[in-house]
């Protein structure tokens, strides 16, 4: 679902944006922000972030630098990654215990 939205943003950037010129008060521009947000967060959350950004970009806004927030992973995902990482370290070291010696 995100790829048609990304295509629409690219079409806007190639056709309409050059005619309007640099009118966005933020860096990166709203279309670049939207492309990054949808690419990073998916269609639903990325579209919501883009809509909020477009609503904030108005003549009364001071503008400035506004990057797309990083993607947050759920707590259960981080715990699962930690367990798997610990298990692979225990399997890789001799004796089944994690090897804490550096350079040995």
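Residue numbers (this note's numbering): 663 to 766. By construction, the Cβ of each residue, glycine as well, lies at the ideal position given by its N, Cα and C atoms.
Item: Proximity to residue 673 [Cα-Cα], best of 689, 696 and 747; Value: 696
Item: C-beta atoms of residue 700 and residue 667 nearer than 8 Å; Value: yes
Item: Among 688, 685, 703 and 689, the one whose alpha carbon lies nearest that of residue 665; Value: 703
Item: Cβ contact (3+ pairs, closer than 8 Å) linking the region 705–723 and the region 735–745; Value: no
Item: Pairwise C-alpha distance: residue 733 and residue 719; Value: 22 Å
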